[in-house]
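Chains as they are written, first to last, in our numbering: chain A, 843 to 958; chain B, 253 to 361.
For every residue, glycine included, the Cβ atom is placed at its ideal position computed from N, Cα and C.
Listed below in structure tokens is the structure:
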């Protein structure tokens with residue numbers, strides 16, 4: 843069964859450094875998402891992406907965050923200048939069609955980001 | 253009011269018990285509803301979509317009540333392996349899915 847893949851599984855970075863998290867969505871999916879989950883807390887929406895542009899973003903997704911689909915397969919999340927509070931699990935997800943169509947999203951197994 | 257609300261639990265039930273979770277949502281125009289399961293430090297995994305007429309998958313039954321704006325998940329004959337956090341996910345509008353805080357279930361031998 844096709845799946846969403848994320849790399850790396852664990853990233854340790856010094857505060858203030860830039861980090862790029864990578865995701866390969868399921869190949870015939872058109873909508874892509876990033877979420878974060880701080881340990882012990884709920885899954886929080888960051889951004890959705892469709893047709894090579896951001897569709898929606900949350901208040902968390904401020905100027906230090908950006909997303910890109912640099913080629914036909916990868917979908918990346920960049921955090922420009924990391925803060926201690928960026929430490930979390932970051933999940934990528936994809937869905938075949940948009941959220942209102944009834945198609946579910948499928949998640950990668952996440953990247954654990956630890957900021958020192 | 254939060255977009256999606258769940259009772260966080262925890263629910264501790266004996267093996268073989270039946271347990272039910274509810275989830276309320278704020279937007280009556282919501283279109284898509286799902287239950288996901290999340291194990292500790294793992295990704296959410298789709299358990300089932302929720303359809304207007306209700307749907308069943310083995311021991312799991314999901315129902316939608318549009319009038320009262322809630323969805324429910326019923327687990328019959330609970331197994332130890334059902335222990336997890338159950339996430340209610342709703343597409344309220346636009347291109348975003350909204351997550352509940354999750355309901356923690358522990359099935360006890």
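If you draw a straight line from the Cα of residue 322 of chain B to the Cα of residue 277 of chain B, it is about 6 Å long. Taking residue 288 of chain B as the centre and dropping the five residues before and after it, the same chain places the C-beta of 296, 297, 298, 299, 339 and 341 closer than 7 Å to its C-beta, in chain order. Ranked by how close their Cα comes to the Cα of residue 893 of chain A, the residues A:864, A:940 and A:877 have A:940 in first place. When DSSP reads this structure, residue 954 of chain A sits in a beta bridge with A:852 and A:931. Separation of residue 318 of chain B and residue 860 of chain A (C-alpha to C-alpha, rounded to the nearest whole angstrom) is 45 Å. Between the C-alpha atoms of residue 849 of chain A and residue 877 of chain A there is a straight-line separation of about 15 Å.
Exclusion of the five residues before and after residue 270 of chain B leaves 326, 327, 328, 329 and 330 as the residues of its chain whose Cβ lies within less than 8 Å of its Cβ. DSSP places residue 866 of chain A inside the beta strand (DSSP E), whose first and last residues are 861–866. Restricting attention to B:292, B:306 and B:337, the CA atom closest to the CA of residue 263 of chain B is found in B:337. DSSP places residue 319 of chain B in no beta strand (DSSP E); its state is neither H nor E. Judged by DSSP in its simplified three-state form, residue 259 of chain B adopts coil rather than helix or strand. Interface flag for residue 851 of chain A against chain B is unset, since no Cβ pair is found closer than 8 Å. In the structure shown, the three-state DSSP call for residue 926 of chain A is helix.
For residue 929 of chain A, the closest C-alpha among the options A:882, A:868 and A:871 is that of A:882. Only exposed fits residue 906 of chain A, as fewer than 16 other CB atoms lie within 10 angstroms of its CB. By the rule that beta-carbons nearer than 8 Å mark a contact, residue 953 of chain A does not touch chain B. The distance from the Cβ of residue 874 of chain A to that of residue 917 of chain A is about 5 Å, consistent with a contact at the 8 Å cut-off. Counting C-beta pairs closer than 8 Å gives fewer than three between the region 309–318 of chain B and the region 895–914 of chain A, which falls short of the contact rule.
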